[in-house]
Amino acid sequence: MAILSREFYARPALEVARDLLGCRLVRQINQHRLSGFITETEAYQGETDLGCHAHVGRTPRTAIMYGQAGHAYIYFTYGMHWLFNVVTDLVEVPSAVLIRAIMPDEGQHEMALNRPYRAHKRGWLNGPAKLTQALLLNGDQNGCDLCLEASGLYIENAPLTPDMQVIATSRVGLNSEPEPWKSIPWRFLVKQDGALN
DNA sequence: CGCCAGATCCACT
DNA sequence: GTGGATCTGGCGG
């Protein structure tokens, strides 16, 4: 499968978030190829979206979201976690898609080593901070270009996941945000047959 | 199982 | 100084 193009990412975050479902997130590191199929995403679009970090405008932290689509926006939160996002839409339109969960595929043993205490349990990659641990992603990869294979971090194309298998719900962790942002259905999940990752 | 507190630090006010 | 796009272990039912 081909690496997703700049054009794919240079669309509104809502479309990108929806279409990323089923695509393969790939991390090449230390001679290993770690990958998993994206099963959950969230869209954050623009300064008017109070759930989006860019609602405070352009700062050193949010500047990456104002840049070219297809780059990684990786930030630190809660004093211990890194979250992985993909910059979307046109330059000067601050928006991104948070990757919240993957179904592990290649390099499962390596990924498990990166998550020593929980790797044997169910749902070991169904959270935005879990997958960054497994894929060894942190601030060092912030701003990295996902359209270049040489980055060692990119997403591969996949057939579009049918609407029948897609669920849209409100985004997670925005409980203190006002409506409509708190409840707007900008979170997308692939319907699973009861089986968690 | 569900609920809750603790961990731990950075960006922004 | 404050609070956060989270996760985990422990405790109670």
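With positions in the first sequence counted from 1, the corresponding number in the working numbering is that position plus 1033.
Ideal Cβ placement from N, Cα and C applies to all residues, glycine included.
Treat the numbers as computed from the prediction; the structure is a model and nothing was measured.
- Task: Ignoring anything shorter than 3 residues or poking outside the stretch 1151-1189, list the beta strand (DSSP E) runs there in chain order.
- Result: Listed in chain order, they are 1186-1189.
- Closest Cα partner of residue 1040 within the set 1086, 1124, 1201, 1116: The candidate whose alpha carbon is nearest that of residue 1040 is 1124.
- Query: Using the C-alpha atoms, what's the distance from residue 1070 back to residue 1128?
  - Reply: Cα atoms of residue 1128 and residue 1070: separation of roughly 22 Å, rounded to the nearest angstrom.
- Item | Endpoints, the alpha helix (DSSP H) within which residue 1136 is located | Counting along the chain, residue 1136 falls outside any alpha helix (DSSP H), though it belongs to the beta strand (DSSP E) covering 1128-1137.
- Query: With DSSP run on the structure shown, which of helix, strand or coil describes residue 1111?
  - Reply: Collapsing the DSSP output to three states places residue 1111 in coil.
- Endpoints, alpha helix (DSSP H) assigned at residue 1238: In the structure as shown, the chain starts at 1034 and stops at 1230, and residue 1238 therefore has no counterpart that could be examined.
- Message: Between the alpha carbons of residue 1217 and residue 1202, how many angstroms are there, rounded?
- Response: Separation of residue 1217 and residue 1202 (C-alpha to C-alpha, rounded to the nearest whole angstrom) is 7 Å.
- Task: Compute the beta-carbon to beta-carbon distance between residue 1168 and residue 1067, rounded to the nearest angstrom, for a pair I have assumed lies under 8 Å.
- Result: Indeed, because the Cβ distance is near 6 Å, the residues count as touching under 8 Å.
- Message: Applying the 10 Å Cβ sphere with the 16-neighbour rule, what's the burial state of residue 1091?
- Response: Residue 1091 is classed as exposed because its beta carbon has fewer than 16 other beta carbons within 10 Å across all chains shown.
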